[in-house]
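Using this note's numbering, read the sequence shown as starting at 3 and increasing by one per residue. Notes to accompany the following structure.
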Amino acid sequence: YDPSALKDVTRVAELKLRPDKAVQGLDVRVIGNNAGEKLSVLGAMLARLDREAPFYGRGTYNDFNTFYFQAASGTSGGSSGSPVVDADG
């Protein structure tokens, strides 16, 4: 991402993330790469707030100190792990 490459935009604002505002059922947007598009913004809802990181087996790297939010959306392949935001971040 190169902000200087944007055309017709005078200022790119920073989006402050607010995970403390996440609640189950919150209306959100998935910013991703749905079905191979360069960029997609799709509606979704937070379905789960306590999803544990996958366990890849003993002796391999496991992200044991991380949990995930899970969004229910109509996305297809390519949006896994994408940012999920609402109007407040």
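All residues carry an ideal CB built from backbone N, CA and C; glycine is no exception. Here the structure is a predicted model, which means the values were calculated and not measured.
By the criterion of a C-beta distance shorter than 8 Å, Val-87 is surrounded in its chain by Leu-17, Leu-19, Val-30, Arg-31, Ile-33, once the five residues flanking it on both sides are discounted. In this structure, Ala-89 sits away from Gln-72, with a CB-CB distance that is not shorter than 8 Å. Around the beta-carbon of Ser-78, fewer than 16 other beta-carbon atoms lie within 10 Å, marking it exposed.
Check the Cα spacing between Ala-74 and each of Gln-26, Gly-38, Gly-61: the tightest is with Gln-26. Under DSSP, Asp-29 shares a beta bridge with Met-47. By the neighbour-count criterion, in which a residue is buried when 16 or more other Cβ atoms sit within 10 angstroms of its Cβ, Ala-46 is buried. Using a 10 angstroms sphere on the CB of Ser-81, the tally of other CB atoms reaches 16 or more, which defines it as buried.
In this structure, Leu-51 sits near Ala-24, with a CB-CB distance shorter than 8 Å.
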